[in-house]
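First comes the structure, then the notes that go with it.
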Amino acid sequence: MKKNLPSIILMIVLLGLWQIIAMIINAHYILPSPTQILVKLWTLREPLFMVHLPATICVTGLGLVISIIIGLAFAIIMDMNEKIENALYPIIIASQTIPTTAIAPLFVLWFGYSIWSKVLVTILITFFPITIAVYDGFKSTKREMEELLITYGASKKDIFIKLKIPTALPHFFSAIKMAVPLSIIGAAIAEWLGAQSGLGYFSKRMMSQLDGAGVFAPIVLLSAVAMIVVAIINIIEKKVITWRKEI
Amino acid sequence: MLKFKDVTFKYPEDDYAVLKDLSFSVEKGEFISIIGASGCGKSTIFRLINGLEKMQSGEIFINEDSIQNIKNYSAYMPQKDLLFPWRTIGDNLSLPMEIQKIKKSEREKSVIDILKEVGLSHYKDKFPKDLSGGMKQRVSFARTLLTGSELLLLDEPFSALDSLTRISMQEWLLEEWKHFNKTILFITHDVEEAIFLSKSIFVIQDNPITYMEKIEIPLGYPRRRSDLQKPEIVELKESLISRLRQKVDI
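If you're matching them up, the sequences are chains A and B in order.
All the letters of the first sequence, read from the start, carry residue numbers 116 to 362 under my numbering.
All the letters of the second sequence, read from the start, carry residue numbers 461 to 710 under my numbering.
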């Protein structure tokens, strides 16, 4: 609690400032105040929490899980074979230069308004940090430790399981913490561009009605979800990785 | 026990050889130190023995068998303890046996026995971060023993320790050597350490290494630190230091 005090104080100050500025401007369709957003959250609690939040969580969760699988697979095969690494690395980098907002409508064209068009956008944004971080994790294995294992007669599989995975684990957790907010952003963008439910879609609908507070309410909800998930991952990480400072 | 026959080696990225037609042998149960200036190729000799580097010509034999045909013949202990921070002390000790696919029950027993021998019985479930530098080196030595190899290659194992811990560790190592009856090759650049520990010293003076002069230490075992003050030992130490200093550029 003591550690979080400065951020709590800063948050209250910023929210206070926002409230004052919004009250001065007094145009809720341009800048709704935090209290107006809270009221809106409460008023729209049923569609927000019962319909749109589950839809977004579904896209985010699915996108995140598939991104983790793809990210880990890419990192492992790139670490195993230099030729594959040389072939894949530029393509992976190139995939990140694609403007998501431009390509997302194409996915809608391919997959319609089904969940997969949105999951694909989420994956496109999310798999990258996982691949790169875990791959760097494998590469950060200490050469001396690897050689020590070789002198014990270790096979490539032994080295991978007993040395590379534990070395890459802290990098993996950092990657997941980056990936969670990105997957939520990905899902929201995809929903904004073409969907029938979800917080991104809801926000867009409120925009067309010039309801400023209604635009912000799902955004606040998305941030809250991201913060909660990252906090949970932090707790798991602290339990699993006790050696981060030793490497 | 160990025999080098006309071994020549150069690193692929270098133009010059580190070893050229080097031959020497070590008898079973000996404690031999190799001394030489920094960068002279001491560690390369170890890397060749444990198979991390491949020689261009010549052969290395362990008990008359070429090392190309045998496995698990030597155990390497590096300068840094290289304990895996994510493993407990017990699991770190278990590592070489896991790789040799030894059964869990046997591994457990060996770990408990060796921890008792190195005086760290209560540390089985602790992590490396909970141990002092000297303790970590003791665990690292125990792990080297648990490879089951007869020949131990110790590469400056005490150089990162403070001087008092280092002295205690040297005395401790001699006791362990006597107890386990292993053959030890010990790299150091500390002449006093080499004299105190070894039966004989190999001195590296040329570059590339073509020959290592073998100097017998005129002391029996067990040894005491006061033995180092004997006139003939002081004289030996001074002559070795002056010979090695000729090779040092500053």
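Just so you know, even glycine gets a beta-carbon here, dropped at the ideal spot from N, CA and C.
Between the beta-carbon of A:I245 and the beta-carbon of A:L203, is there less than 8 Å?
-> no
Interface partners of A:M260 on chain B, CB under 8 Å | L542, F544
For B:T607, the first and last residue of its enclosing beta strand (DSSP E) | Neither: B:T607 is in no beta strand (DSSP E) and is coded neither H nor E.
If you draw a straight line from the C-alpha of A:V281 to the C-alpha of B:K569, how long is it?
-> Strictly speaking, residue 281 of chain A in this sequence is Pro, with Val absent from that position. The alpha-carbon atoms of A:P281 and B:K569 are separated by roughly 25 Å.
Can you tell which of A:P147, A:L239, A:V330, A:L129 has its C-alpha closest to the C-alpha of A:A137?
-> A:P147
If you drop the 5 nearest sequence neighbours on each side, which residues of the same chain put their C-beta closer than 6 Å to that of B:I494?
-> K502, I647, F662
Within this structure, are the beta carbons of B:I677 and B:S702 separated by less than 8 Å?
-> Judged by beta-carbon spacing, B:S702 lies beyond the 8 Å limit of B:I677, meaning their Cβ atoms are not closer than that value.
Does the beta-carbon of A:L342 have 16 or more other beta-carbons within 10 angstroms, so that it is buried, or is it exposed?
-> Note that residue 342 of chain A is Met in the sequence shown, not Leu. Its Cβ having fewer than 16 others within 10 Å, A:M342 is exposed.
At which residues does the beta strand (DSSP E) containing B:E524 begin and terminate?
-> No beta strand (DSSP E) holds B:E524; DSSP gives it neither H nor E.
A:V335 - DSSP class collapsed to helix/strand/coil = helix
Do the CB positions of A:G315 and A:T171 come within less than 8 Å of each other?
-> yes
Is it the case that the Cβ atoms of B:E490 and B:S609 are separated by a distance below 8 Å?
-> no
Which ranges would you report for the alpha helix (DSSP H) in the stretch 568-644 of chain B if only whole runs of at least 4 residues count?
-> 593-605, 623-640
In the stretch 265-284 of chain A, which residues sit with their C-beta less than 9 Å from some C-beta in chain B, listed in chain order?
-> Closer than 9 Å at the C-beta level to chain B, one finds these residues of the stretch 265-284 of chain A: I265, T266, Y267, G268, A269, S270, D273, K277, L278, P281, T282, L284.
Out of B:P545, B:L611, B:P617, B:P668, point me to the one whose CA is closest to B:K463's CA.
-> B:L611
Separation of B:Q665 from B:S517, as counted between CA atoms = Going by the C-alpha atoms only, they are around 22 Å apart.
For A:T357, decide whether its Cβ has a neighbour in chain B, counting only Cβ atoms nearer than 8 Å.
-> yes
Does the beta carbon of B:S609 fall short of 7 Å from some heavy atom of the ligand SAH?
-> Questions concerning the ligand SAH fall outside what the structure shown contains, since it holds no ligand whatsoever.
If we call anything under 8 Å between Cβ atoms a contact, is A:G178 one with A:T241?
-> yes
With DSSP as the reference, please indicate the residues paired to B:K463 in a beta bridge.
-> B:S485, B:F521
At a Cβ threshold of 8 Å, is B:Q560 touching chain A?
-> Yes - at least one Cβ of chain A is within 8 Å of the one on B:Q560.
Figure out for me which residue from B:G499, B:M461, B:R626 has the closest Cα to the Cα of B:S534.
-> B:M461
Could you please give the first and the last residue of the uninterrupted beta strand (DSSP E) stretch that includes B:S534?
-> First-last of the beta strand (DSSP E) with B:S534: 534-537.
If you compare alpha carbons, which of A:I185, A:E306, A:P285, A:P121 is closest to A:L239?
-> Closest option to A:L239, Cα to Cα, is A:I185.
Alpha carbon to alpha carbon, how far is A:A346 from A:A339?
-> 11 Å
Give me whichever residues DSSP pairs with B:V663 in a beta bridge.
-> By DSSP's assignment, B:V663 forms a beta bridge with B:I495, B:E673.
Three-state secondary structure (DSSP) at A:T158?
-> A:T158: helix per DSSP, three-state reduction.
Just curious, the alpha helix (DSSP H) that A:I145 is in, first and last residue?
-> Segment: none, A:I145 is in no alpha helix (DSSP H) and carries neither H nor E.
Any chance the stretch 210-225 of chain A sits against the stretch 250-270 of chain A, with 3 or more Cβ pairs inside 8 Å?
-> no
Proximity winner among B:T643, B:L700, B:E695, relative to B:E487 (alpha-carbon distances) | Considering only alpha carbons, the answer is B:T643.
Rounded to a whole number of angstroms, what is the C-alpha to C-alpha distance between B:K514 and A:S270?
-> 18 Å
Would you decide whether A:K306 is buried or exposed? Buried here means 16 or more other CB atoms lie within 10 Å of its CB.
-> Looking at the sequence shown, residue 306 of chain A is not Lys but Glu. Counting of Cβ neighbours within 10 angstroms places A:E306 among the buried residues, the total reaching 16 or more.
With distances taken Cα to Cα, identify the nearest neighbour of B:S554 among A:A332, A:K277, A:T357.
-> B:S554 has its Cα closest to that of A:K277, out of A:A332, A:K277, A:T357.
Cβ neighbours of B:V578 in the same chain (closer than 6 Å, five flanking residues each side left out) = R598, A602
Could you tell me which of B:S619, B:T604, B:E616, B:C500 sits nearest to A:Y267, measuring between CA atoms?
-> B:T604
Since B:I647 sits in a beta bridge, which residues does DSSP pair it with?
-> B:I494, B:D615
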